[in-house]
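**Student:** Handing you a structure now.
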Amino acid sequence: METLKIALLDLNRHFGGGTVALGNLAQALSRKGHEVHLILGMKNLPSRLVNTHLNDCHLYHTLGYKDIFDMPRLMCGIRNDLLRLYSVHKFDILNVQGVNGLFVPSELHNRLIVTLHGNNLARGFALLRCVYKSSDMLQATRYAFTNYMRNISGHFMYGNLEKTACKRAKLVIALTSCEAYYAKEYYNLPEEKIRIVPNSVVLPKDSFNHELAIPEDKELILSVSALEMIKGIPLLVKAAKEILSTRSDVIYVFVGDGPLRVFIRKLASRFPRRVIMFPQIHSGLTVLYERSKMLVHGSFYEACCLSIAEAMLMGKPVVALGMASIPELVTNNVTGYLVESLHAKDLAEKAINLLDDDKKARRMGSAAKKKIEELYNPKRIAYKTENVYKEVLAS
4 METLKIALLD
14 LNRHFGGGTV
24 ALGNLAQALS
34 RKGHEVHLIL
44 GMKNLPSRLV
54 NTHLNDCHLY
64 HTLGYKDIFD
74 MPRLMCGIRN
84 DLLRLYSVHK
94 FDILNVQGVN
104 GLFVPSELHN
114 RLIVTLHGNN
124 LARGFALLRC
134 VYKSSDMLQA
144 TRYAFTNYMR
154 NISGHFMYGN
164 LEKTACKRAK
174 LVIALTSCEA
184 YYAKEYYNLP
194 EEKIRIVPNS
204 VVLPKDSFNH
214 ELAIPEDKEL
224 ILSVSALEMI
234 KGIPLLVKAA
244 KEILSTRSDV
254 IYVFVGDGPL
264 RVFIRKLASR
274 FPRRVIMFPQ
284 IHSGLTVLYE
294 RSKMLVHGSF
304 YEACCLSIAE
314 AMLMGKPVVA
324 LGMASIPELV
334 TNNVTGYLVE
344 SLHAKDLAEK
354 AINLLDDDKK
364 ARRMGSAAKK
374 KIEELYNPKR
384 IAYKTENVYK
394 EVLAS
């Protein structure tokens, strides 16, 4: 394919899995010979992004938004920035994340592709359903009601804006078949406008500056996610409590930060020196994946979960809820366990099963690594993404 000038756009000022996914794609496309321009709203880039992704592409910063209420104020300025960059570089393709499509001027809609890193309306409904179906979550919500209501209202507001952004795009990329279904059901997008291309998975080239000090005779269980209600943090913490109470040889590590950090702190106070919390979700993960026995994930909704995929690439089995797109990553009884109920005890039992059966854990971890290497490798994903770009250019 001829060399393209590609602009990849993420104006959210918060670092997360979507930003990493964009960096992974930038790296893969650059190595295919394309001229990639990464346009970010985040000014202070984490070392993970710089060290792993930014050697092969051009980087620009523009005005970034902090939340949905920040967007109208910045709309005009960001559009002018994009037009100015386009006048210099003449991008063939603008590939933007979700709601960021609203910032793209109408003059550039003929080359606009929106990638959905999740469906916000589906997220909102998932959170509503799961909290009221789970006694563990319902009880926890009473202590985190403000966070719960902000999550719900935020997802629905973002969802309606994201729907508008998708309508403007020439094509929409969904990460999984489940996400393609949500795009049709919640955003009323025609099937012929949707293409399925998952995220590529690249392990970060990062360093770990903390002393783990975990004895070799201790098993390490890892959870990596934002500490928010949609990630099922109260459910996950209750499962961790069950595991730690049952197995004295386990140390539990949480990586991430967010408004529900208080749940982790309470758990750590109950199990001193057996619960470790690292707030930087982007620092030193490779070392933690390698040292861990498994990844346990409590999220109610994932589009194409980066931490699950990274743990699998490191040869680790995963225990997670079998919801949304997670079953497209984790194959039950093959690469890990999927828990269908919303009870913390069931999540804990599956993790303990893997702790008790080292042979099974290794077998599942090996199958997990093979799956990610085959289906989510950067070359494969770059090729599939190029095909989407070809369609836009030919139309």
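Each position in the sequence shown, counted from 1, maps to that position plus 3 in our numbering. Built from N, CA and C at the ideal position, the CB exists for glycine as well.
#1: Mark residue 87 as exposed unless 16 or more other C-beta atoms lie within 10 angstroms of its C-beta, in which case mark it buried.
#2: Would you mind working out which of 82, 102, 93 and 65 sits nearest residue 21, comparing C-alpha positions?
#3: So, do the segment 187-201 and the segment 236-254 have three or more beta carbon pairs nearer to each other than 8 Å?
#4: Kindly confirm or deny that the segment 357-367 and the segment 160-179 touch, where touching means at least three C-beta pairs closer than 8 Å.
#5: With 16 as the cutoff for other CB atoms within 10 Å, does residue 321 come out buried or exposed?
#6: Which class does residue 43 belong to by DSSP, given the choice of helix, strand or coil?
#7: Tell me the residue span of the beta strand (DSSP E) that contains residue 118.
#8: Once DSSP output is grouped into helix, strand and coil, what is the label at residue 323?
#9: When you compare each of 96, 381, 313 and 236 to residue 269 by their alpha carbons, which one comes out closest?
#10: Among 379, 342, 303 and 15, which has the Cα closest to the Cα of residue 126?
#11: Closer than 8 Å is the cut-off here; do at least three beta carbon pairs connect the segment 152-159 with the segment 75-87?
#12: Residue 105 and residue 48 look like a contact to me (Cβ under 8 Å); what is the Cβ gap, rounded to whole Å?
#13: At what residue ranges does the segment 265-320 contain a whole run of the beta strand (DSSP E), taking only runs of 3 or more?
#14: When you compare each of 319, 345 and 266 to residue 339 by their alpha carbons, which one comes out closest?
#15: DSSP three-state label for residue 14, please.
**Tutor:** Looking at the atomic coordinates:
#1: With fewer than 16 Cβ atoms within 10 Å of its Cβ, residue 87 is classed as exposed.
#2: Of the listed residues, the one whose Cα sits closest to residue 21 is 102.
#3: The segment 187-201, when compared against the segment 236-254, does not touch it at the 8 Å Cβ threshold.
#4: Too few Cβ pairs lie closer than 8 Å, so no.
#5: Residue 321 should be labelled buried.
#6: DSSP places residue 43 in strand when its eight states are reduced to three.
#7: Where residue 118 is concerned, the enclosing beta strand (DSSP E) starts and stops at 115-119.
#8: Reduced to three states, the DSSP call for residue 323 is strand.
#9: Minimum Cα distance to residue 269 is reached at 236.
#10: The closest CA to that of residue 126, considering only 379, 342, 303 and 15, is found on 303.
#11: Short answer: they don't touch.
#12: About 23 Å separates the beta carbon of residue 105 from that of residue 48, a gap too long to meet the 8 Å contact definition.
#13: 278-281 and 297-300, all fully within the segment 265-320.
#14: That would be 319, whose Cα lies nearest to the Cα of residue 339.
#15: In this structure, residue 14 counts as coil in the three-state DSSP scheme.
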